[in-house]
Structures are given as structure tokens and as C-alpha cells.
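In numbering that gives the first Met the number 0, the protein residues as written are 0 to 197.
Beta carbons are placed, not taken as given, at the ideal position from N, Cα and C, and that holds for glycine.
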Amino acid sequence: MHDFGKLTSRVETVELPGGRETQIYVFYGAGGTEWHDLYKSLPPFDFYVALDDGDRVVSMESNPEHSQIASHRIIGISREEAGDFTRGPGGSVYGMKWNGSRIVDPTDHMTIEQKRAAMPDLTPREFRDALIDNDIMPDQVTAAINGIADAKARAKALNAWEYPTMFSRTDHLLEQIGSSFDLSPEAIDAMWTAAAQQ
0 MHDFGKLTSR VETVELPGGR ETQIYVFYGA GGTEWHDLYK SLPPFDFYVA
50 LDDGDRVVSM ESNPEHSQIA SHRIIGISRE EAGDFTRGPG GSVYGMKWNG
100 SRIVDPTDHM TIEQKRAAMP DLTPREFRDA LIDNDIMPDQ VTAAINGIAD
150 AKARAKALNA WEYPTMFSRT DHLLEQIGSS FDLSPEAIDA MWTAAAQQ
């Protein structure tokens, strides 16, 4: 692996055959070395990877000519460091993370709370349909909420149930529904994932 650093671009004027001038973008490494000189100064790598500021993969190309992306960090890596991730249309590498020694799926390193926070939101209809598919009827949820003793907590739970624009997996209401209907957090995760895939 080699870290080429972030590339910066400059517009430069070049002369084409026949004397005509045109402007092109020329990319430079942090030390001011032009990209072609920079990558040719080292043995070739299997892949040239462009990373965003969070070390997520934006591009992975075998041809360094195709890896000129301004304001992105460029690294050269081996096939082993790329793992089984693929590039090109339908490739699996995009959005994956460079961990300093190889490309990894960031979800493999998330806590359960982070995974739940990353789950997509559901519309009220999608969420209610998911409950119905799990034999929990909307009127049962309303009845359970109406059974909350504290008036303010009950009113807030009813607001969350009756007037949302979206439901988030981390909404406090889900904990209340889970405890009322003996749904474990893992069962809610499975229900949520199934609903998001429909």
C-alpha cells in the first residue's frame, strides 16, 4: 500500500498538434508533483483507490489514469488489500471503508446501536403493515398506549403513534411497543428489515 495523499487540480493551457491551445485539468500530489510523475515513481499497484474524508471508497481503478479525483486521497493497493470487493458497474466496493490495511465493510464494525441508527426510516403505512404482518393490530397499539398511566407520557406516545411523518428504528415508541407485545429488540430489527425490503 502507498498513500499518495490528496490530489489538487489546476487548470493549465497546453498546445495541441497544429498549434491550437486548450485548457485541461492537471492533478498534483501534496508535494506539488504531477500525478503521472507521482504514480510512475513507484512500481504499479493492482488498484488505485480514491477515498473521501471518512476513508470511504469513492473509486477503485486498475488504471491510475482513471483515479484522478480532486480533493480525494488516493492510495495504491494490492488485490489482497482489496479483498473480494469488486469495482465497475454493480461493484461492491463503493461506500466500503479503508481501515489502514485493507478495505472492509463498515457495517461489520458497527455496534448494534449504530446499525439500528443506520436502518432506513419507514413510512407510517410501512410500519403499521409490518406490525400487522407480525399479528399486532394498530388498534392494539393504540389501546396499549392508552394504558400508560402518566398523562404526559401517554399524550407524547399517542402523538408519536398517530402523527409521524416517518418512523425511525431508534424511536422510543418502538421500545414501548416491544415491551407491550413481548417483542425483543432483535425481533423488532428483523421486522424492520423485512418491512424495509418490501
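key: Residue nearest to residue 133 in terms of C-alpha spacing, selected from 176, 50, 64, 157   = The sequence position of residue 133 within the sequence shown is 134, counting from 1. Comparing Cα-Cα distances from residue 133 to each of 176, 50, 64, 157, the minimum goes to 176.
> Could you give the uninterrupted runs of the beta strand (DSSP E) lying entirely in the stretch 48-82, keeping only those of 3 residues or more?
Replying inline: 56-60, 72-76
For this session: Count the C-beta pairs between the stretch 9-26 and the stretch 46-63 that are closer than 8 Å, then say yes if the count reaches three, no if not.
Result: no
Should residue 54 and residue 114 be called a contact, given that it needs their Cβ atoms to be closer than 7 Å? By 1-based counting over the sequence shown, the position of residue 54 is 55. By 1-based counting over the sequence shown, the position of residue 114 is 115. Cβ distance not < 7 Å, so residue 54 and residue 114 don't count as in contact.
Item to complete: Would you tell me roughly how many angstroms separate the C-alpha atoms of residue 74 and residue 26, rounded to the nearest one?
Response: Position 75 of the sequence shown, counted from the first residue, corresponds to residue 74. Position 27 of the sequence shown, counted from the first residue, corresponds to residue 26. Rounded to the nearest angstrom, the two C-alpha atoms are 15 Å apart.
Which term fits residue 81, buried or exposed, when burial requires 16 or more other beta carbons within 10 angstroms of its beta carbon? Here residue 81 refers to the residue found at position 82 of the sequence shown. Burial call: buried.
Item to check | Close beta carbons around residue 106, own chain, < 7 Å, minus the five adjacent residues each side | outcome: The sequence position of residue 106 within the sequence shown is 107, counting from 1. So the qualifying residues of the chain are 114.
- Query: According to the neighbour-count rule (16 or more other Cβ atoms, all chains shown, within 10 Å of its Cβ), is residue 22 buried or exposed?
  - Reply: What you label residue 22 is simply residue 23 of the sequence shown in a count that begins at 1. It is exposed - the Cβ of residue 22 has fewer than 16 other Cβ atoms within 10 Å.
To which residues of the same chain is residue 226 closer than 6 Å at the C-beta, ignoring the five residues directly before and after it?
-> Any property of residue 226 remains undetermined from this structure, which presents the chain solely from 0 to 197.
(message) Comparing C-alpha positions only, which one of 128, 51, 56, 92 sits nearest to residue 197?
(response) The sequence position of residue 197 within the sequence shown is 198, counting from 1. Of the listed residues, the one whose Cα sits closest to residue 197 is 128.
Practice task
Quickly, what does DSSP pair residue 24 with across the bridge? List them, please.
Solution key: As a position in the sequence shown, residue 24 is number 25, starting the count at 1. According to DSSP, which records beta bridges pairwise, residue 24 is partnered with 10.
Q.
Nearest by alpha-carbon distance to residue 94: which of 33, 162, 78, 52 is it?
A. Counting from one through the sequence shown, the residue named residue 94 turns up at place 95. Comparing Cα positions, the closest option is 52.
Check your understanding: Can you find at least 3 beta carbon pairs, one from the stretch 180-187 and one from the stretch 155-163, that sit closer than 8 Å?
Key -> no
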